[in-house]
Amino acid sequence: MGEAPKRVAIADLGRHVGETVEIRGWLYNRRSSGKISFLIVRDGTGVVQGVMVRGEVPDAAWETYDVLTQESSLIVEGTVREDARSPGGVELTLHAVTPVQISTDYPIGPKEHGSAFLLDHRHLWLRSKRPWHVLRVRDGLIFAIREFLHGRGFLCLDSPILTQAVGEEAGTLFETEYFDLGTASLAQTGQLYVEAGCMAFGKVYCFGPTFRAEKSKTRRHLTEFWMLEPEMAWYDWEDNISLQEELVVHLIEYALANHGDDLEALERDLASLEAVKPPFPRLSYDEAVDVLRSAGSGIEWGQDFGGEDQTLLTAEFDRPVFVHSFPRVAKAFYMKQHPDRSDLVLCNDLFAPEGFGEIIGGSQREDDHDRLIECIREESLPLAAYDWYLELRKFGSVPHSGFGLGLERTVAWICGLPHLREAIPFPRLINRLSP
RNA sequence: UGGGGAGUAGCUCAACUGGCAGAGCGCCGCGCUGUUAACGCGGUGGUUGCAGGUUCGAAUCCUGCCUCCCCAGCCA
Numbered sequence: 006m007g008e009a010p011k012r013v014a015i016a017d018l019g020r021h022v023g024e025t026v027e028i029r030g031w032l033y034n035r036r037s038s039g040k041i042s043f044l045i046v047r048d049g050t051g052v053v054q055g056v057m058v059r060g061e062v063p064d065a066a067w068e069t070y071d072v073l074t075q076e077s078s079l080i081v082e083g084t085v086r087e088d089a090r091s092p093g094g095v096e097l098t099l100h101a102v103t104p105v106q107i108s109t110d111y112p113i114g115p116k117e118h119g120s121a122f123l124l125d126h127r128h129l130w131l132r133s134k135r136p137w138h139v140l141r142v143r144d145g146l147i148f149a150i151r152e153f154l155h156g157r158g159f160l161c162l163d164s165p166i167l168t169q170a171v172g173e174e175a176g177t178l179f180e181t182e183y184f185d186l187g188t189a190s191l192a193q194t195g196q197l198y199v200e201a202g203c204m205a206f207g208k209v210y211c212f213g214p215t216f217r218a219e220k221s222k223t224r225r226h227l228t229e230f231w232m233l234e235p236e237m238a239w240y241d242w243e244d245n246i247s248l249q250e251e252l253v254v255h256l257i258e259y260a261l262a263n264h265g266d267d268l269e270a271l272e273r274d275l276a277s278l279e280a281v282k283p284p285f286p287r288l289s290y291d292e293a294v295d296v297l298r299s300a301g302s303g304i305e306w307g308q309d310f311g312g313e314d315q316t317l318l319t320a321e322f323d324r325p326v327f328v329h330s331f332p333r334v335a336k337a338f339y340m341k342q343h344p345d346r347s348d349l350v351l352c353n354d355l356f357a358p359e360g361f362g363e364i365i366g367g368s369q370r371e372d373d374h375d376r377l378i379e380c381i382r383e384e385s386l387p388l389a390a391y392d393w394y395l396e397l398r399k400f401g402s403v404p405h406s407g408f409g410l411g412l413e414r415t416v417a418w419i420c421g422l423p424h425l426r427e428a429i430p431f432p433r434l435i436n437r438l439s440p
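Take 6 as the starting number for the first sequence in the working numbering and just add one per residue.
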């Protein structure tokens with residue numbers, strides 16, 4: 006026997022043409038045509054087809070074909086060869102096949118399945134082509150977000166998950182007992198904490214899971230989702246919008262440059278992503294309502310945009326659309342009042358094209374102590390819960406702004422997914438807590 | 001929380017007006033030296049979501065319950 010072959014990743018096979026290598030992975034599928042058989046092997050980095058010809062491989066290897074079932078783990082050894090007939094352009098002439106564990110009755114087959122069945126088997130579904138590509142894009146976007154922000158002097162300031170203060174709306178909180186301190190709730194947002202952070206570090210962000218107990222059953226909602234929340238001291242609402250635009254452009258460029266293969270495998274229309282270039286249209290709420298009315302919407306001034314309105318609005322443009330200066334009645338208490346219109350606040354939403362809806366909500370924050378107290382009272386929120394937050398306005402208050410970007414909605418948009426449940430590894434929905 | 005749709009083999013779905021429970025995939029067996037969700041032939045596989053009712057007879061009609069899917073509201 007010669008030396009043990011080098012163990013390589015399938016993703017790197019192109020650099021090992023002509024060499025004999027070892028791959029450790031799982032059987033994705035198999036096909037046979039009598040005296041020639043094909044083992045489609047995946048190892049987490051990619052998929053490669055192994056070929057065995059009867060009489061040209063040891064009988065022991067040849068006979069493993071009959072034993073190996075879908076998703077059995079195995080170790081194969083073979084010679085890397087370029088071959089246009091093979092998907093991926095590279096295939097493996099097998100010399101040895103060693104089963105590690107034989108899988109029996111793997112539930113996910115090559116034919117179609119329903120979404121409920123697949124979600125029940127999410128722990129296994131992750132191995133399938135579609136989730137595999139989606140979650141690679143998700144990982145890439147997380148990396149690109151952090152890269153973008155650190156490149157601009159941001160500091161990551163993690164906000165707590167267990168909180169006492171209410172972030173936005175009471176009534177949609179997940180609650181739990183917290184020792185002698187009463188009820189704790191899972192954070193709906195880290196915003197109040199990054200507001201504290203930006204006064205210490207200038208530009209900060211938090212990025213983690215957030216929780217909403219809304220009983221909504223739509224393709225645009227999860228009960229647990231990841232939100233990026235940058236917060237910047239000395240930024241006004243227009244600086245805020247410019248940063249959002251740069252970030253979104255960066256994410257699209259990153260995805261196209263680094264995940265083109267994934268997006269193609271997902272059959273994403275790349276042309277519509279390539280069209281996402283600055284500047285994005287910026288409409289005031291009043292202008293957006295006019296556009297919607299002339300497009301046939303029955304929206305009344307003061308209402309927030311529904312799903313249909315968002316689709317209608319973005320259909321007018323080929324790139325994401327900013328809408329700013331919303332009515333105060335439609336927005337959260339902490340947003341700063343418009344200097345010329347007391348019925349508006351200095352905020353913005355960003356709507357993704359092609360009906361993917363709102364991916365960002367942001368605003369300049371109310372920085373005046375007394376005015377902020379008025380806002381809290383107007384919303385009938387418990388003033389005591391905001392004591393530390395109010396102190397930020399007593400010790401060197403400055404204009405500041407920030408926004409929240411929904412990661413899953415961004416992933417869904419970039420990957421072209423019809424439902425958010427595919428944009429997160431283990432989705433939490435109103436009727437789903439497992440796996 | 002409202003509106004709509006659907007539960008039949010392990011999976012995806014058929015079954016006309018109430019009249020023998022079916023197909024493809026999977027799985028098992030046989031065949032095939034380049035397959036691409038391989039293919040051909042044969043076989044395996046059912047408490048028709050649960051409980052009750054109508055009927056000579058119910059997957060099918062009626063009542064209640066459960067579950068899932070889609071849409072709306074709310075939001076990221």
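Where is the CB? At the ideal position from N, CA and C, for every residue including glycine. Remember, it's a predicted structure, so these values are computed and weren't measured experimentally.
| Asked | Found |
| --- | --- |
| Three or more C-beta pairs under 8 Å: does that hold for the stretch 56-65 against the stretch 89-108? | yes |
| Which runs of the alpha helix (DSSP H) fall wholly inside the stretch 173-209 and span at least 4 residues, in chain order? | 196-206 |
| How big is the Cα-Cα spacing for VAL46 and THR84? | 14 Å |
| On the criterion of 16 or more Cβ atoms from any shown chain inside 10 Å, does MET6 qualify as buried, or is it exposed? | Note that MET6 scores 48 on pLDDT, short of 50, meaning its location in the model is unreliable; the coordinates nonetheless yield the value given after this. Looking at its Cβ environment, which holds fewer than 16 other Cβ atoms inside 10 Å, MET6 is exposed. |
| Compare the C-alpha of GLY19 against each of ILE107, VAL254 and GLY94 and name the closest. | GLY94 |
| Please report the straight-line C-alpha distance between LEU163 and GLU251, rounded to a whole angstrom. | The residue you asked about is not Leu; residue 163 is Asp in the sequence shown. Their Cα atoms are separated by approximately 23 Å. |
| Beta-carbon separation of THR194 and GLU234 under 9 Å? | yes |
| Using only the alpha-carbon positions, how far apart do ALA389 and VAL350 sit? | 24 Å |
| Please confirm if the stretch 326-346 is in contact with the stretch 366-383, defined as three or more CB-CB distances below 8 Å between the two stretches. | yes |
| Please classify ARG298: does DSSP put it in a helix, a strand, or coil? | helix |
| For the alpha helix (DSSP H) that ASN263 lies in, which residues bound it at each end? | 242-263 |
| Quick one: what's got a C-beta closer than 8 Å to SER120's C-beta in the same chain, skipping five residues either side? | HIS424 and ARG426 |
| Could you tell me how far apart the beta carbons of ASP291 and SER406 are, in whole angstroms, since I believe they sit closer than 8 Å? | Contact flag wrong, Cβ pair sits at about 21 Å. |
| Label HIS128 either buried or exposed according to how many other C-beta atoms from any shown protein chain fall within 10 Å of its C-beta, with 16 as the threshold for buried. | exposed |
| Please state the DSSP three-state secondary structure of ARG59. | strand |
| Counting only runs that start and end within the stretch 61-111, where is the alpha helix (DSSP H) found for 4 or more residues in a row? | 64-72 |
| Pick out the complete alpha helix (DSSP H) segments inside the stretch 344-392, 4 residues or longer, and give them in chain order. | 374-383 |
| Examine the Cβ distances between the stretch 26-46 and the stretch 64-75 and report whether three or more of them are shorter than 8 Å. | yes |
| Taking all protein chains shown into account, decide if GLY409 is buried (16 or more other Cβ within 10 angstroms of its Cβ) or exposed. | buried |
| Suppose you measure from the CA of THR109 to the CA of ARG437; what does that come to, to the nearest Å? | 26 Å |
| Check for me: the alpha helix (DSSP H) holding ILE419 runs from which residue to which? | 412-420 |
| Cα-Cα, which of SER133, PRO165 and ILE381 is closest to ALA201? | PRO165 |
| If I measure Cβ to Cβ from HIS264 and keep anything under 6 Å in the same chain, skipping five residues before and after, which residues do I get? | VAL142 and GLY145 |
| Enumerate in chain order the residues of its own chain whose CB-to-CB distance from SER78 is below 6 Å, with the five nearest sequence positions on each side excluded. | TRP31, VAL105 and GLN106 |
| Using a 10 Å radius around the Cβ and a threshold of 16 neighbouring Cβ atoms, would you call ASP345 buried or exposed? | exposed |
| On the three-state DSSP scale, how would you describe ILE41? | strand |
| At the level of alpha carbons, what is the spacing between LEU444 and PHE400? | The structure shown has nothing for residue 444, since the chain only spans 6 to 440. |
| Considering just the uninterrupted stretch of the beta strand (DSSP E) at TRP306, what are its terminal residues? | Unbroken run through TRP306: none, as it is neither H nor E. |
| By DSSP, does GLY23 sit in helix, in strand, or in coil? | coil |
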